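First residue of the sequence shown? That's 0 in numbering that gives the first Met the number 0, and the numbers climb one at a time after it. Here the structure comes first, spelled out in structure tokens, and everything after it is commentary.
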Amino acid sequence: MEEFIQKIEAAKTIAIIGHIRPDGDCVGACLGLYNYICDNFLDKKTIVFLEAIPDKFKFLSGANEILNVPSEEVYDLAVSLDCGARDRHGEFYCIYDRAKDTICLDHHRSNEGFGNYFYCDKDASSCCEILYRHLDCDKISKEVAEAIYLGIIHDTGVLKYPSTSKETMCIAGELIEKGARSQYVIDETFYKVSYKQNKLTGQALLDSELFFDGKLIISAITKKIFEKFECGKEETDGIIDKLRVTDGVEVAALLYELNSGIFKCSLRSVSYVDVSVIAVKYGGGGHIRASGFEITGNLEHVKKCIIDEVKPYI
Numbered sequence: 000m001e002e003f004i005q006k007i008e009a010a011k012t013i014a015i016i017g018h019i020r021p022d023g024d025c026v027g028a029c030l031g032l033y034n035y036i037c038d039n040f041l042d043k044k045t046i047v048f049l050e051a052i053p054d055k056f057k058f059l060s061g062a063n064e065i066l067n068v069p070s071e072e073v074y075d076l077a078v079s080l081d082c083g084a085r086d087r088h089g090e091f092y093c094i095y096d097r098a099k100d101t102i103c104l105d106h107h108r109s110n111e112g113f114g115n116y117f118y119c120d121k122d123a124s125s126c127c128e129i130l131y132r133h134l135d136c137d138k139i140s141k142e143v144a145e146a147i148y149l150g151i152i153h154d155t156g157v158l159k160y161p162s163t164s165k166e167t168m169c170i171a172g173e174l175i176e177k178g179a180r181s182q183y184v185i186d187e188t189f190y191k192v193s194y195k196q197n198k199l200t201g202q203a204l205l206d207s208e209l210f211f212d213g214k215l216i217i218s219a220i221t222k223k224i225f226e227k228f229e230c231g232k233e234e235t236d237g238i239i240d241k242l243r244v245t246d247g248v249e250v251a252a253l254l255y256e257l258n259s260g261i262f263k264c265s266l267r268s269v270s271y272v273d274v275s276v277i278a279v280k281y282g283g284g285g286h287i288r289a290s291g292f293e294i295t296g297n298l299e300h301v302k303k304c305i306i307d308e309v310k311p312y313i
């Protein structure tokens with residue numbers, strides 16, 4: 000914590016950057032640190048740079064202050080949160096590159112290390128858990144607590160994934176004591192879905208296919224299906240978890256089309272397959288039981304790639 004805080008104290012201007020297509024852990028970590036600095040270091044100019052975040056996260060304090068386009072300014076300090084590789088910074092790569100000093104806090108197994116201060120715990124539940132370790136818990140406000148709690152909830156599947164440790168549970172409890180609204184965060188950002196999202200999920204389940212005696216399940220959402228239900232990638236949240244808990248399944252794969260012929264693949268496993276190995280092979284990354292990557296090709300080619308990659312493990 001000392002070295003991390005010293006770097007914040009030494010900087011007058013600070014940029015906070017996450018990864019492309021920010022999820023709950025990324026948004027929670029970025030806004031958690033943003034609010035912590037705003038609360039405790041009043042003389043700092045601090046900016047969060049992220050792509051547009053899902054509407055369900057916009058209740059977090061500071062969400063309306065996020066900038067969605069890069070700046071030409073050279074910052075004294077740039078902090079990378081929940082980003083496993085530099086290319087995952089997307090259009091904000093240049094901000095981190097130009098900064099006078101840099102920090103990287105992460106928990107992805109694929110992270111090979113970058114930044115003047117680098118801290119990556121590959122066994123941690125989330126980047127938000129790692130961020131909590133770097134802050135003075137006595138100076139964490141309700142707004143900071145709620146952002147960090149949201150990140151932990153989303154990256155642990157509401158405290159149920161194998162990466163959830165005793166420390167994770169203790170931190171979650173401390174955040175609730177500091178004012179994080181547990182039921183609100185879980186219901187409003189993790190479980191609540193729109194009617195059209197229910198329809199999209201139903202279609203994805205209907206279109207799913209089983210392989211290897213039911214040990215692998217794959218479902219795909221094409222651009223035509225997105226258009227049919229007037230949905231986007233944001234409405235895919237939660238579908239992969241419904242596939243994963245199918246009886247007998249060890250590996251679940253959800254494909255959705257980003258652009259013509261370009262698919263995002265989300266992978267989940269239940270007990271023994273390390274899906275991060277597959278993801279890294281295709282330029283992605285993640286964790287043992289939850290990883291993802293992008294792949295180019297027609298749908299049948301992409302499905303075959305997934306089947307071929309999973310086959311040796313199951």
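Built from N, CA and C at the ideal position, the CB exists for glycine as well. For clarity, every value in this text was computed on a predicted model and none was experimentally measured.
Worksheet item: According to the Cβ coordinates, are residue 16 and residue 48 closer than 8 Å?
Response: Remark: C-beta atoms of residue 16 and residue 48 approach each other more closely than 8 Å.
Worksheet item: Hey, does residue 221 have any beta-carbon neighbour from chain C nearer than 8 Å?
Response: Judged by its chain identifiers, the structure shown contains no chain C, having just a single protein chain.
Worksheet item: Apart from the five residues on each side of it in sequence, which residues of its chain come closer than 8 Å, Cβ to Cβ, to residue 180?
Response: Here residue 180 has 145 as same chain residues with Cβ atoms under 8 Å from its own Cβ, once five neighbours each way along the sequence are excluded.
Discussion item. Using C-beta distances below 6 Å, list every residue in its chain close to residue 289, excluding the 5 sequence neighbours before and after it, in chain order.
Written reply: Excluding its 5 nearest sequence neighbours in each direction, residue 289 has C-beta neighbours in its own chain below 6 Å: 267, listed in chain order.
Practice prompt. Return the CA-CA distance between residue 188 and residue 148, expressed in angstroms with no decimal places.
Written response: Taking the Cα positions, residue 188 is about 12 Å away from residue 148.
Discussion item. Within 10 Å of its beta-carbon, does residue 222 have 16 or more other beta-carbons around it, so buried, or fewer, so exposed?
Written reply: Under this definition residue 222 is an exposed residue.
Worksheet entry | beta strand (DSSP E) segment containing residue 256, residue limits | In the DSSP annotation of this structure, the continuous segment of the beta strand (DSSP E) that includes residue 256 starts and ends at 250-258.
Discussion item. Tell me the rounded alpha-carbon separation between residue 10 and residue 278.
Written reply: Each residue's alpha carbon lies about 36 Å from the other.
Worksheet item: Where DSSP assigns a beta bridge to residue 103, which residues make up the other side?
Response: Per DSSP, 79 and 117.
Discussion item. With H, G and I counted as helix, E and B as strand and the rest as coil, what does DSSP make of residue 179?
Written reply: Per DSSP, reduced to three states, the secondary structure at residue 179 is coil, with no helix or strand assignment.
Discussion item. As a quick exercise: from 116, 14, 216 and 62, pick the residue whose alpha carbon is nearest that of residue 5.
Written reply: In terms of Cα proximity to residue 5, the closest of 116, 14, 216 and 62 is 116.
Worksheet entry | Burial state of residue 259 (16 or more Cβ within 10 Å) | Around the C-beta of residue 259, fewer than 16 other C-beta atoms lie within 10 Å, and the residue is accordingly described as exposed.
Worksheet item: If you count every other CB in all the chains shown that lies within 10 Å of the CB of residue 194, and 16 or more means buried, which is it?
Response: In summary, residue 194 is exposed, with fewer than 16 beta-carbon neighbours lying within 10 Å of its beta-carbon over all protein chains present.
Worksheet item: Can you list, in chain order, the residues of its chain whose CB lies under 8 Å from that of residue 69, leaving out five sequence neighbours each side?
Response: In its chain, beyond the 5 residues on either side, 48, 90, 91, 93 and 94 have a beta carbon closer than 8 Å to the beta carbon of residue 69.
Discussion item. Can you find the residues in the same chain that come closer than 6 Å, C-beta to C-beta, to residue 337, ignoring five residues on each side of it along the sequence?
Written reply: Lying before the first or after the last residue shown, residue 337 is absent from the chain, which here runs from 0 to 313.
Fill in: CB contact flag (residue 242, residue 293, <8 Å)
Going by beta carbons, residue 242 and residue 293 fall outside the 8 Å limit.
Worksheet item: Is it right to say residue 169 is buried, meaning 16 or more other beta carbons lie within 10 angstroms of its own, or is it exposed?
Response: With fewer than 16 other Cβ atoms within 10 Å, it is exposed.
Worksheet entry | Status (buried if at least 16 other CB within 10 Å, exposed otherwise) for residue 255 | So residue 255 counts as buried.
Discussion item. Taking the alpha-carbon of residue 301 as reference, which of 184, 253, 270 and 284 has the nearest alpha-carbon?
Written reply: Nearest C-alpha to residue 301: 253.
Fill in: N- and C-terminal bounds of the beta strand (DSSP E) containing residue 275
Looking at the DSSP string, residue 275 is not in any beta strand (DSSP E); the run it does join, the alpha helix (DSSP H), is 274-280.
Item to complete: For my contact list, residue 106 and residue 120 are in at a C-beta cut-off of 8 Å; report their separation, rounded to the angstrom.
Response: Indeed, because the Cβ distance is near 6 Å, the residues count as touching under 8 Å.
Discussion item. In whole angstroms, give me the CA-to-CA distance for residue 176 and residue 136.
Written reply: If I take the Cα positions, the gap works out to 11 Å.
Worksheet item: On the premise that residue 272 lies in contact with residue 313, defined as a C-beta separation below 8 Å, what is that separation, rounded to the nearest angstrom?
Response: Confirmed, Cβ separation roughly 6 Å.
Worksheet item: Do the stretch 22-41 and the stretch 58-65 touch if we need at least three Cβ pairs shorter than 8 Å?
Response: With the cut-off at 8 Å, the stretch 22-41 and the stretch 58-65 touch.
Discussion item. In the DSSP output, which residue or residues are listed as bridge partners for residue 70?
Written reply: None; residue 70 has no bridge partner.
Practice prompt. State yes or no: is the C-beta of residue 217 nearer than 7 Å to some heavy atom of the ligand NAP?
Written response: Ligands are entirely absent from the displayed structure, and the ligand NAP is therefore not among its contents.
Discussion item. How far does the beta strand (DSSP E) with residue 237 in it extend, from its first residue to its last?
Written reply: No beta strand (DSSP E) holds residue 237; DSSP gives it neither H nor E.
Worksheet item: Buried or exposed: where does residue 311 fall if 16 or more other Cβ atoms within 10 Å of its Cβ makes it buried?
Response: By the 16-neighbour rule on beta-carbons within 10 angstroms, residue 311 is exposed.
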